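A.B. asks: Okay, here's the structure, questions in a sec.
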Amino acid sequence: MTTRKPIKLGLSMRYLGYHAAAWRHPEADPGAASKLSHFLRIAQTAEAAKLDMLFLADGIGLRTRDDPPGALCRSHQTAELEPLTLLSALSGMTSRIGLVATASTTYNEPFHIARKWASLDHLSGGRAGWNVVTSWSEAEAWNFNRDQHMEYDLRYERAAEFVEVVKGLWDSWEGDALVHDKDSGIFFDQSKLHVLDHKGKHFKVRGPLTITRTPQGRPILVQAGASEQGLEIAARSADVVYSASHTVEAARDYYANLKGRLAKYGRGWDDLKVMPGMTYFVGRTQAEAQAKLDQLNDLVAPELGLSYLYSQMGDLSGYPVDGPVPEPKDPRVRSMARMGLELARRESLSIRQLYSRIAAGFGGRVVVGTPESIVDDMEEWVSAGAADGFNICPPVLPVGLDDFVELVLPELRRRGMFRTEYEGTTLRENLGVPMPVNRYTATR
-16 MTTRKPIKLG LSMRYLGYHA AAWRHPEADP GAASKLSHFL RIAQTAEAAK
34 LDMLFLADGI GLRTRDDPPG ALCRSHQTAE LEPLTLLSAL SGMTSRIGLV
84 ATASTTYNEP FHIARKWASL DHLSGGRAGW NVVTSWSEAE AWNFNRDQHM
134 EYDLRYERAA EFVEVVKGLW DSWEGDALVH DKDSGIFFDQ SKLHVLDHKG
184 KHFKVRGPLT ITRTPQGRPI LVQAGASEQG LEIAARSADV VYSASHTVEA
234 ARDYYANLKG RLAKYGRGWD DLKVMPGMTY FVGRTQAEAQ AKLDQLNDLV
284 APELGLSYLY SQMGDLSGYP VDGPVPEPKD PRVRSMARMG LELARRESLS
334 IRQLYSRIAA GFGGRVVVGT PESIVDDMEE WVSAGAADGF NICPPVLPVG
384 LDDFVELVLP ELRRRGMFRT EYEGTTLREN LGVPMPVNRY TATR
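Residue -16 is where the sequence shown starts when you use the working numbering, and the numbers rise one by one after that.
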């Protein structure tokens, strides 16, 4: 390979890591997901490594189900801190790394999101990002006065309007509105404070926002998802897309599809960065890397492992876990059941082996290998036009991050694929995405 394109790297730092058995790892602190010291250690390690951003996924309900019975009490993916509060705490103890938190457009109001994320952008010196999600589970609906989750198309219709309202509120103040003229007594130029006065199908928001224009112009917008509606929201507004493709071919198609939509919104090809998620198991030899994966897979209780197959394959608790995968009975998602069964038969996987594939990385892409082979994989994706970088998802925190910094990062730098120092002080500068122009300034 000859391409040496510098890449972007985010760190997904949810729970104790992305493996289902992360909390049982000998070096893991099972209670760490509620401790600031745990996340500070991770954040400062990532910043010293010059990673672009910390990324916190979030759900506003207990989405893990007790299917089959006994699964729920064995899952560490059940309790976590509220992400914006956590990142606000970390902002005062870091200086360069980006801080991206998730918030739902279904169970929030635009003014709340605009105000909170603008505050974090100011407090962090221009390092805030909002990961836009619509939420997907009934468990979340039950916490917000609803018996059922909002219908899919309506949810995305609301999300599209929601994002536009938030962007409009972030434009309330022009960049030079504050004059602070003590002699005249004029604090700001009133002609540069603007009322949004939005009236749409889902929202009626007057404005203006009571927070001035932020160091980045507006916080970075991150989006994840592959639906048609989600792709349009991303093409119009996102600075980063967290994608979830499992093969380079699928990732290349997704990348081209998404980036091909940018021009109609007046955006350039590089104005948006596509960063697929990847969980990795790295060792100095292939055998060492495989041993790390095997160690964790051996710690997955069958009840928990079967829960990862429940929605796709139905209840398999009546079958021996080391036996063959049976025909699914009444699966919730028939297409996924069919794919799971085809995979199991093609590779002669037992039930345990099949659920271990999913449990290893929370259902995301998993790469096992040496530093050289893992970087080969990353370089292949970038060279193929499938990614601009990656959101790394360590299987166990913080030990998995330490492995990446010690083993993978030097190989990336040896090939000229990753920075040795930050380019700027804001997340926008380090990602290399353009500063948004205030809509009112643009019309002057």
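Beta carbons: idealized from backbone N, C-alpha and C, even for Gly.
Quick caveat, the model's predicted, so the values are computed rather than measured.
Give the C-beta separation of ALA3 and VAL283 to the nearest angstrom, bearing in mind that I take them to be a contact with Cβ-Cβ under 8 Å.
C.D. replies: As a position in the sequence shown, residue 3 is number 20, starting the count at 1. As a position in the sequence shown, residue 283 is number 300, starting the count at 1. So it is a contact: roughly 5 Å between Cβ atoms.
A.B. asks: Out of ASP35, ALA5, TYR(-2) and ARG7, which one is the CA nearest neighbour of LEU19?
C.D. replies: Here the question's residue 19 lines up with position 36 in the sequence shown. Cα-wise, what sits closest to LEU19 is TYR(-2).
A.B. asks: By a C-beta neighbour count over all protein chains shown, 10 Å radius and 16 as the cutoff for buried, is PRO285 buried or exposed?
C.D. replies: As a position in the sequence shown, residue 285 is number 302, starting the count at 1. So PRO285 ends up on the buried side.
A.B. asks: Are the region 209 to 224 and the region 344 to 356 touching, with three or more C-beta to C-beta distances below 8 Å?
C.D. replies: Taking 8 Å as the limit for Cβ pairs, the verdict is that the region 344 to 356 does not touch the region 209 to 224.
A.B. asks: Pull up the distance between the alpha-carbon of ALA367 and that of VAL231, whole angstroms please.
C.D. replies: Within the sequence shown, residue 367 is the residue found at index 384, counting from 1. Within the sequence shown, residue 231 is the residue found at index 248, counting from 1. Their Cα atoms are separated by approximately 8 Å.
A.B. asks: From TYR405, LYS175 and ALA343, pick the residue whose C-alpha is nearest to that of MET36; which is it?
C.D. replies: Your numbering for residue 36 matches position 53 in the sequence shown. The candidate whose alpha carbon is nearest that of MET36 is TYR405.
A.B. asks: Are the beta-carbon atoms of ILE194 and SER102 separated by less than 8 Å?
C.D. replies: Position 211 of the sequence shown, counted from the first residue, corresponds to residue 194. Position 119 of the sequence shown, counted from the first residue, corresponds to residue 102. Taking 8 Å as the Cβ cut-off, ILE194 and SER102 qualify as a contacting pair.
A.B. asks: For the candidate residues PHE264, GLU63 and ILE80, whose alpha-carbon lies nearest to that of ASP385?
C.D. replies: For the purposes of this step, residue 385 is taken as residue 402 along the sequence shown, with counting starting at 1. Comparing Cα positions, the closest option is PHE264.
A.B. asks: Taking the straight line between their C-alpha atoms, what separation do you get for ALA369 and PHE171?
C.D. replies: As a working mapping, residue 369 is identified with position 386 in the sequence shown. As a working mapping, residue 171 is identified with position 188 in the sequence shown. About 46 Å.
A.B. asks: In the DSSP output, what is TYR263 paired with across the bridge?
C.D. replies: Position 280 of the sequence shown, counted from the first residue, corresponds to residue 263. Answer is VAL350.
A.B. asks: Would you call the region 180 to 195 and the region 387 to 400 touching, i.e. three or more CB-CB distances under 8 Å?
C.D. replies: The region 180 to 195, when compared against the region 387 to 400, does not touch it at the 8 Å Cβ threshold.
A.B. asks: Rounded to the nearest angstrom, how far is the Cβ of TYR90 from that of SER118, given a contact under 8 Å?
C.D. replies: Taking the first residue of the sequence shown as position 1, residue 90 is located at position 107. Taking the first residue of the sequence shown as position 1, residue 118 is located at position 135. Their Cβ separation, rounded to whole angstroms, is 6 Å, which keeps TYR90 and SER118 in contact under 8 Å.
A.B. asks: Taking DSSP as the reference, what is the three-state secondary structure of PRO93?
C.D. replies: For the purposes of this step, residue 93 is taken as residue 110 along the sequence shown, with counting starting at 1. Three-state DSSP puts PRO93 in a helix.
A.B. asks: Between PRO419, ASN421 and ASN413, which lies nearest to GLY(-7) when the distance is taken from Cα to Cα?
C.D. replies: Your numbering for residue -7 matches position 10 in the sequence shown. Of the candidates PRO419, ASN421 and ASN413, the one whose C-alpha sits nearest the C-alpha of GLY(-7) is ASN413.
A.B. asks: Could you say which of PHE401, THR408 and HIS229 lies nearest to ARG(-13) if we only look at CA atoms?
C.D. replies: Locating residue -13 in the sequence shown gives position 4, where the first residue counts as 1. Comparing Cα positions, the closest option is PHE401.
A.B. asks: Taking all protein chains shown into account, do 16 or more other C-beta atoms lie within 10 angstroms of the C-beta of ASN126, making it buried, or fewer, making it exposed?
C.D. replies: Position 143 of the sequence shown, counted from the start, is the residue given in the question as residue 126. The residue in question, ASN126, is exposed, as its Cβ has fewer than 16 Cβ neighbours within 10 Å.
A.B. asks: At which residues does the alpha helix (DSSP H) containing ALA218 begin and terminate?
C.D. replies: Within the sequence shown, the letter at position 235 stands for residue 218. Here the alpha helix (DSSP H) through ALA218 covers 211 to 220.
A.B. asks: Could you tell me how far apart the beta carbons of TYR291 and ALA342 are, in whole angstroms, since I believe they sit closer than 8 Å?
C.D. replies: In the sequence shown, the residue the question calls residue 291 occupies position 308. In the sequence shown, the residue the question calls residue 342 occupies position 359. Their Cβ separation, rounded to whole angstroms, is 5 Å, which keeps TYR291 and ALA342 in contact under 8 Å.
A.B. asks: In angstroms, rounded to a whole number, what distance separates the CA positions of THR262 and GLY0?
C.D. replies: Here residue 262 refers to the residue found at position 279 when the sequence shown is read from its first residue. Here residue 0 refers to the residue found at position 17 when the sequence shown is read from its first residue. Looking at the two C-alpha atoms, the distance is approximately 9 Å.
A.B. asks: Over the uninterrupted alpha helix (DSSP H) stretch that includes ALA143, give me the two end residues.
C.D. replies: As a working mapping, residue 143 is identified with position 160 in the sequence shown. ALA143 -> alpha helix (DSSP H) spans 135 to 153.
A.B. asks: For SER456, which residues in the same chain have their Cβ closer than 6 Å to its Cβ, ignoring the five residues on either side in sequence?
C.D. replies: Coverage of the chain is limited to positions -16 through 427, which leaves residue 456 absent and any answer about it impossible.
A.B. asks: What residue range does the alpha helix (DSSP H) around LEU337 cover?
C.D. replies: Translated into positions along the sequence shown, residue 337 becomes position 354. Counting along the chain, the alpha helix (DSSP H) containing LEU337 begins and ends at 334 to 342.
A.B. asks: Excluding five sequence neighbours on each side, which residues of the same chain lie with their C-beta closer than 6 Å to the C-beta of VAL304?
C.D. replies: Taking the sequence shown and counting its residues from 1, one reaches residue 304 at position 321. Excluding sequence neighbours, VAL304 sits near PRO285, ILE334 and ARG335.
A.B. asks: To which residues of the same chain is VAL116 closer than 6 Å at the C-beta, ignoring the five residues directly before and after it?
C.D. replies: Along the sequence shown, read from residue 1 onward, the residue named residue 116 stands at position 133. Hits under 6 Å: THR85 and SER87.
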